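K.L.:
Sharing a structure with you now.
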Amino acid sequence: MPASDDRTVKRTGNERASGPIYTPETLNELFGLMRSMPEARIAAGGTYLLSGAGDPPAGPLLSLHRIEELRRMSRTDRHLDIGAATSIRAITRAGPKMLPSILSGCLPAICPFTLRGLATLGGNICIWEVSRTGTAALNALGALVEIRRPGKGRWVPMPRFRSAGGLSLEREEVVTRIRIPLEPHDVGVFESLGPNLSFCAAARREKGNIDDIRIVLGTGTPWIIRDRELEAELIGRKLPMGPREIETTANRIATMAQSDRFPFNPLDIYRARSVTAHFLRALGEPSTRFLPRTYGKRKNSLARRGGLDL
Amino acid sequence: MSGSESPPISRVSFTLNGEPVELDIEPTRTVLELLRTHFEVPSMRRGCCAGVCGACIILIEDRALPACIVPAYRANGRRITTIEGFRHTREYRDIRRAFHEVGVQACSYCEPARMLIVQSILSAGLTPRSEEVQQAVDAVKCACFAGPAMAEAVWEAAGIRNRRLHARKR
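One line per chain: the protein sequences are A and B, in this order.
Positions 0 to 309 (numbering that gives the first Met the number 0) are the ones given, in order, by the first sequence.
Positions 0 to 169 (numbering that gives the first Met the number 0) are the ones given, in order, by the second sequence.
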């Protein structure tokens, strides 16, 4: 609707109105605004900044929702590129044939049904306190994050982007794309095990052995649980794994989950142990039908119509 | 400033229940705050303010969204409908009848949100998938007894609306 409508327009003053909102349409325009206003905050979907969970944004706000380049999705034989400001709903609508099963399984767990038209994957991983399921799934998928600044760009692997020290994002930099390699993993699982716990695992089997495996647990904290040494030990093991091997591996995951840094209760730790054991047992089965329910081509009609790409 | 192509937004205009409105905003404002403070919409309840409880659900272009999480500037140029505006439509009467026939006993706190959610499902199509229905119904967190019958009410409302539309064609 045009601002100067001929019909009766109700005008309401707002005495608190202060910080301007900028909606750049190109990345160059965004970088120009970031340079001229270093104090400005960036909002992709705006759901965190305005939810009352974060610090109230003082000063100018730069909204990314009109930058077409950040809302694109593309897929080649080797990888899937997702623009940082693509909404969860838009990603979900791409469908399970285009998305890796771990990603299509984790999207409904990232935010409530009604928020999927607003919330974005890029925003989810850029907020240190919030990203839980998104980070875990992207770690299991071996995703890369494209970070750009004027005239420069770099790709950062997900574990380095969100390491123990915080986000690998400097001033004047913005996350523009997330690249998910479409490696030939023949098993991919995402399982939400409660409000604070999610299980993501991907594996490739070859000639009865484990050729590659990644097991990542999302926690209710900014950190994830992933043991690369354990993964390296599992690579090359013959399938099916013996009960003792499975128990030892599951116990190692459970021991990591028992750390004080994670808000897990005994039931969560039991779930982490049992889902890991279940996954490892199912890897040895010729059929993958025993895997947790989000495996494979999931009928993902979730939120196809339930949200709005504003 | 180098980025002078897009001037900053300082005013926002949208249609609220069919009436065009325009007002100043600031970045921290959400649609919920606007509707409560400037338009005093009675059904706008402040719940979790995190988009989880569903108490403040409104329709933006026929999609159900929690008003507490939608930034005001994202509603610019859109059509917003609250239960006050929706109450005068035939679609409302279909859903009302379905609630009555199925026996949905929603409390006054969550009923507006539940009705708007049903409307958003049915506006997307009269044959919704059961998975979608269940997810949408679960979007409202309330301790009243409406929950279990809600999915059935969605199907019932779809049937009522279908019959009405077919009767009109004949």
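No residue lacks a Cβ here, since even glycine has one placed at the ideal position from N, Cα and C.
Just so it is clear, the structure is predicted and the values come from calculations on it, not from any experiment.
Please identify, using Cβ separations under 8 angstroms, the residues of the stretch 113–141 of chain A that lie next to chain B, in order along the chain.
P.N.:
The residues in question are Thr113, Leu114, Gly116, Leu117.
K.L.:
For the stretch 60–83 of chain B, which residues have a CB atom closer than 8 angstroms to at least one CB atom of chain A, in sequence order?
P.N.:
For the stretch 60–83 of chain B, which is checked against every Cβ of chain A, the residues closer than 8 angstroms are Glu60, Arg62, Ala63, Leu64, Pro65, Cys67, Ile68, Val69, Pro70, Tyr72, Arg73, Ala74, Gly76, Arg77.
K.L.:
I want to see whether chain B comes within less than 7 angstroms of Thr175 (chain A), judged by CB atoms only; does it?
P.N.:
Here residue 175 (chain A) corresponds to residue number 176 of the first sequence, with the count starting at 1. No, Thr175 (chain A) lies away from the interface with chain B (no Cβ there is under 7 angstroms from its Cβ).
K.L.:
Let me confirm a value: Glu169 (chain A) is counted as buried when at least 16 other C-beta atoms fall within 10 Å, else exposed. Which label applies?
P.N.:
On the first sequence, residue 169 (chain A) is found 170 positions in, with the first residue counted as 1. Under this definition Glu169 (chain A) is an exposed residue.
K.L.:
Could you check what DSSP says for Phe160 (chain A) in three-state terms: helix, strand or coil?
P.N.:
The count along the first sequence starts at 1 and reaches residue 160 (chain A) at position 161. Helix at Phe160 (chain A).
K.L.:
May I ask which residues mark the beginning and end of the beta strand (DSSP E) holding Cys199 (chain A)?
P.N.:
In the first sequence, counting from the first residue as 1, residue 199 (chain A) sits at position 200. Residues 197–205.
K.L.:
With DSSP as the reference, label Ala152 (chain B) as helix, strand or coil.
P.N.:
Your numbering for residue 152 (chain B) matches position 153 in the second sequence. Helix.
K.L.:
Is there at least one Cβ from chain B nearer than 7 angstroms to Thr46 (chain A)'s Cβ?
P.N.:
The residue you call residue 46 (chain A) lines up with position 47 of the first sequence. It does: the Cβ of Thr46 (chain A) has a partner Cβ on chain B nearer than 7 angstroms.
K.L.:
Give the interface partners of Ile109 (chain A) over in chain B, defined as CB-CB distance under 8 angstroms, in chain order.
P.N.:
As a working mapping, residue 109 (chain A) is identified with position 110 in the first sequence. Within 8 angstroms Cβ-Cβ: nothing; Ile109 (chain A) doesn't reach chain B, min ~12 angstroms.
K.L.:
Does the distance from the C-beta atom of Pro310 (chain A) to that of Gly187 (chain A) stay below 7 angstroms?
P.N.:
No answer is possible for residue 310 (chain A): the residues shown for chain A start at 0 and end at 309.
K.L.:
What residue from B:Arg162, B:Thr36, B:Glu155 has the CA that sits closest to Val101 (chain B)'s CA?
P.N.:
If you number the second sequence from 1, residue 101 (chain B) lands on position 102. It is B:Glu155.
K.L.:
By the DSSP assignment, the beta strand (DSSP E) with Met72 (chain A) in it spans what residues?
P.N.:
Residue 72 (chain A) sits at position 73 when you count from the first residue of the first sequence. Here the beta strand (DSSP E) through Met72 (chain A) covers 72–74.
K.L.:
For Glu171 (chain A), which residues from the same chain have a beta carbon less than 6 angstroms from its beta carbon, with the 5 sequence-adjacent residues on both sides left out?
P.N.:
As a first step, residue 171 (chain A) is located in the first sequence; it is residue number 172 there, counting from the start. So the qualifying residues of the chain are Met33, Arg148.
K.L.:
Would the beta-carbon of Val103 (chain B) fall within 7 angstroms of that of Ala145 (chain B)?
P.N.:
As a first step, residue 103 (chain B) is located in the second sequence; it is residue number 104 there, counting from the start. As a first step, residue 145 (chain B) is located in the second sequence; it is residue number 146 there, counting from the start. Contact: yes.
K.L.:
Short of 8 angstroms in beta carbon distance, which residues of its chain neighbour Arg65 (chain A), apart from the five on each side in sequence? Order them along the chain.
P.N.:
Locating residue 65 (chain A) in the first sequence gives position 66, counting from the first residue. Correct list, in chain order: Thr22, Pro23, Glu24.
K.L.:
For Gly193 (chain A) and Ile87 (chain A), I'd like the C-alpha separation in whole angstroms.
P.N.:
The residue you call residue 193 (chain A) lines up with position 194 of the first sequence. The residue you call residue 87 (chain A) lines up with position 88 of the first sequence. About 20 angstroms.
K.L.:
Is there a Cβ of chain A sitting closer than 7 angstroms to that of Leu7 (chain B), yes or no?
P.N.:
What you label residue 7 (chain B) is simply residue 8 of the second sequence in a count that begins at 1. Correcting the residue type first, residue 7 (chain B) is Pro in the shown sequence and not Leu. Cβ-Cβ to chain A under 7 angstroms: yes for Pro7 (chain B).
K.L.:
Residues of chain A with CB closer than 9 angstroms to the CB of Gly50 (chain B), please, in chain order.
P.N.:
Locating residue 50 (chain B) in the second sequence gives position 51, counting from the first residue. Those are Thr46, Ser50, Cys110, Pro111, Thr113, Leu114, Leu117, Ala118, listed as they occur along chain A.
K.L.:
Would you list the one or two residues that DSSP bridges to Phe13 (chain B)?
P.N.:
Along the second sequence, one-based indexing puts residue 13 (chain B) at 14. Its beta-bridge partners are B:Val20.
K.L.:
In this structure, how does DSSP classify Leu278 (chain A) when only helix, strand and coil are distinguished?
P.N.:
As a first step, residue 278 (chain A) is located in the first sequence; it is residue number 279 there, counting from the start. According to the sequence as given, residue 278 (chain A) is Phe; it is not Leu. Three-state result, Phe278 (chain A): helix.
K.L.:
Who are Gly82 (chain A)'s beta bridge partners in DSSP?
P.N.:
Within the first sequence, the letter at position 83 stands for residue 82 (chain A). Bridge partners of Gly82 (chain A): A:Arg176.
K.L.:
Between the C-alpha atoms of Ile82 (chain B) and Pro111 (chain B), what's the straight-line distance to the nearest angstrom?
P.N.:
Within the second sequence, numbered from 1, the residue matching residue 82 (chain B) stands at position 83. Within the second sequence, numbered from 1, the residue matching residue 111 (chain B) stands at position 112. Spanning the two alpha carbons is a distance of roughly 6 angstroms.
K.L.:
Is the stretch 125–144 of chain A close to the stretch 65–73 of chain B, with three or more CB pairs under 8 angstroms?
P.N.:
Short answer: they don't touch.
K.L.:
Using a Cβ-Cβ distance under 7 angstroms, would Ile66 (chain A) count as near chain B?
P.N.:
On the first sequence, residue 66 (chain A) is found 67 positions in, with the first residue counted as 1. For Ile66 (chain A), the answer is no, since every Cβ of chain B falls outside 7 angstroms of its Cβ.
K.L.:
Would you tell me roughly how many angstroms separate the C-alpha atoms of His165 (chain B) and Glu145 (chain A), rounded to the nearest one?
P.N.:
Against the second sequence, residue 165 (chain B) aligns to sequence position 166. Against the first sequence, residue 145 (chain A) aligns to sequence position 146. Between His165 (chain B) and Glu145 (chain A), the C-alpha separation is close to 52 angstroms.
K.L.:
So, is the C-beta of Ala138 (chain B) closer than 7 angstroms to a C-beta in chain A?
P.N.:
In the second sequence, the residue the question calls residue 138 (chain B) occupies position 139. Cβ-Cβ to chain A under 7 angstroms: yes for Ala138 (chain B).
K.L.:
Per DSSP, what are the beta-bridge partners of Tyr21 (chain A) in this structure?
P.N.:
By 1-based counting over the first sequence, the position of residue 21 (chain A) is 22. Tyr21 (chain A) pairs with A:Leu61.
K.L.:
Just checking my contact of Gly217 (chain A) with Leu196 (chain A) at CB under 8 angstroms: how many whole Å lie between their CB atoms?
P.N.:
Position 218 of the first sequence, counted from the start, is the residue given in the question as residue 217 (chain A). Position 197 of the first sequence, counted from the start, is the residue given in the question as residue 196 (chain A). With 8 angstroms as the limit, Gly217 (chain A) and Leu196 (chain A) qualify as a contact, their Cβ atoms being about 7 angstroms apart.
K.L.:
So, helix, strand or coil for Thr126 (chain B), using DSSP?
P.N.:
One-based indexing of the second sequence puts residue 126 (chain B) at position 127. Correct three-state label for Thr126 (chain B): coil.
K.L.:
Restricting to Cα atoms, I'd like to know which of B:Ala54, B:His99, B:Tyr108, B:Glu90 is closest to Thr113 (chain A).
P.N.:
As a first step, residue 113 (chain A) must be located in the first sequence, where it is residue number 114. Among B:Ala54, B:His99, B:Tyr108, B:Glu90, the Cα nearest to that of Thr113 (chain A) is on B:Ala54.
K.L.:
Counting beta carbon pairs with one atom in the stretch 171–182 of chain A and one in the stretch 105–119 of chain A, are three or more of them shorter than 8 angstroms?
P.N.:
At 8 angstroms Cβ cutoff, the stretches do not touch.
K.L.:
Mapping the DSSP letters down to three states, classify Arg28 (chain B) as helix, strand or coil.
P.N.:
As a working mapping, residue 28 (chain B) is identified with position 29 in the second sequence. Here Arg28 (chain B) sits in coil by DSSP.
K.L.:
Counting only C-beta atoms, is Gln118 (chain B) closer than 7 angstroms to chain A at any point?
P.N.:
As a first step, residue 118 (chain B) must be located in the second sequence, where it is residue number 119. Output row for Gln118 (chain B): interface = no.
K.L.:
Could you name the residues of the same chain whose beta carbon sits closer than 7 angstroms to that of Ile41 (chain A), not counting the 5 residues immediately before and after it, in chain order?
P.N.:
To locate residue 41 (chain A), count along the first sequence from 1; it is residue 42. So the qualifying residues of the chain are Leu61, Leu63, Val173.
K.L.:
Residues in the stretch 124–151 of chain B with C-beta within 8 angstroms of chain A's C-beta atoms, listed in sequence order?
P.N.:
Listed by position, the residues of the stretch 124–151 of chain B near chain A (Cβ gap below 8 angstroms) are Gly124, Pro127, Arg128, Glu130, Glu131, Gln134, Ala135, Asp137, Ala138.
K.L.:
Arg77 (chain B) and Glu60 (chain B) - do their beta-carbons sit closer together than 7 angstroms?
P.N.:
Looking up residue 60 (chain B) in the second sequence gives position 61. Looking up residue 77 (chain B) in the second sequence gives position 78. Taking 7 angstroms as the Cβ cut-off, Glu60 (chain B) and Arg77 (chain B) qualify as a contacting pair.
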